[in-house]
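Chemist: Numbered according to my numbering, the sequence shown terminates at residue 1134, and the numbering increases by one at each position without gaps.
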Amino acid sequence: MRIVVLTGAGISAESGVPTFRDADGLWEGHRVEDVATPEGFEADPDLVLRFYDERRRGVASVTPNAAHEALARLEREIGDDLLVVTQNVDDLHERAGSRNLVHMHGELRRALCLSCGARPEWTGDLLDRPPCPECGERMLRPDVVWFGELPYDLDRIERAVIDSDVFVSVGTSGAVYPAAGYVALAAAFGARTVELNLVPSDALVPFDEVRAGAATEVVPAWVDDVLSAR
Ligand code: OAD
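#1: Just the Cα atoms here: how many angstroms apart are Ile915 and Val1074?
#2: Are the beta-carbon atoms belonging to Leu1012 and Tyr956 less than 8 Å from one another?
#3: DSSP state of Ala1133, grouped into three classes?
#4: Does DSSP put Ala1119 in a helix, in a strand, or in coil?
#5: At what residues does the alpha helix (DSSP H) containing Leu996 begin and finish?
#6: Spell out the partners DSSP gives Trp931 in its beta bridges.
#7: For Cys1036, does the count of other Cβ atoms within 10 angstroms reach 16, so buried, or fall short, so exposed?
#8: In chain order, which continuous runs of the alpha helix (DSSP H) of length 4 or greater are located wholly inside the segment 1013-1085?
#9: Counting C-beta neighbours from all protein chains within 10 Å, is the total for Met1008 16 or more, i.e. buried, or is it exposed?
#10: So, are the CB atoms of Leu1054 and Leu1044 less than 8 Å apart?
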């Protein structure tokens, strides 16, 4: 049985990483257009670099929770039949042990060189304009996908969604495409669809099953059910 799990900010919320769409509409006090668009970066690169440096440090100080761990456990049991597609730029899935994982919106722990296109792993800050380890130019930006940019690995993700028997959405509001469209794609190709969310989203295509609750409770319980049904 092939399973694709799409995760969003909700899976990391209980680790202490804030979600995006809070009541005030701001992301950690900033307008999304200022810190998550190429135009925002062009207008004020220091602000944007500092913003992601803070996010990178923040994520380094938190730990994976029971939901990340449950998905890693599922991978240990069923191997490559599980693909986790995350919209999150934190590294909590891999720190929990997930390996068959796609970061469709990029990673805080990677930089992108605007001169040569290299995507080196990056744990330090970018504000001080360090040189690219590949080409030496000081043109590194965070390797996160901003609004108006193309997410990573779309072909691989779409193929996996089409081929999946079960498609599961965890902790995502379904507000950002193309990720928000995967439930419809999965359903169109015959997958069973499941949503695990604190507050179920208003999906255009209804999920076959919805389990409402905190990720640290509903994800381990769902993994238990999948494994006991084998
Ligand atoms: P959102 O902030 O839009 O949605 C967070 C979701 O998490 C909501 O559906 C909540 O109900 C749910 N949630 C909150 N706490 C939870 C918990 N403890 N357990 C389970 N669910 C919980 O975040 P995303 O849907 O991930 O894109 O946002 C998608 C994309 O929009 C992000 O990847 C980012 C952002 O702009 C880019 O940066 C390109």
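Where a beta carbon is used, it is the ideal one built from N, C-alpha and C, also for glycine.
A quick note: this is a predicted structure, and the numbers were derived from the prediction, not measured.
Modeler: According to the data block:
#1: Along the sequence shown, read from residue 1 onward, the residue named residue 915 stands at position 11. Along the sequence shown, read from residue 1 onward, the residue named residue 1074 stands at position 170. Their backbone Cα atoms lie some 7 Å apart in a straight line.
#2: Indexing the sequence shown from 1 puts residue 1012 at position 108. Indexing the sequence shown from 1 puts residue 956 at position 52. For Leu1012 and Tyr956, yes; Cβs fall inside 8 Å.
#3: Locating residue 1133 in the sequence shown gives position 229, where the first residue counts as 1. Coil.
#4: If you number the sequence shown from 1, residue 1119 lands on position 215. Here Ala1119 carries a helix assignment [DSSP, helix/strand/coil].
#5: For the purposes of this step, residue 996 is identified with residue 92 of the sequence shown, where counting begins at 1. Counting along the chain, the alpha helix (DSSP H) containing Leu996 begins and ends at 996-1000.
#6: As a working note, residue 931 is residue 27 in the sequence shown. Beta bridge pairing from DSSP links Trp931 with His934.
#7: For this step, residue 1036 is matched to residue 132 along the sequence shown. Cys1036 comes out buried.
#8: Look at the segment 1013-1085 and you find these whole runs of alpha helix (DSSP H), each 4 residues long or longer: 1058-1067.
#9: Locating residue 1008 in the sequence shown gives position 104, where the first residue counts as 1. Result: buried.
#10: Reading the sequence shown from its first residue, position 150 is the one you call residue 1054. Reading the sequence shown from its first residue, position 140 is the one you call residue 1044. No, these two residues do not count as a Cβ contact at 8 Å.
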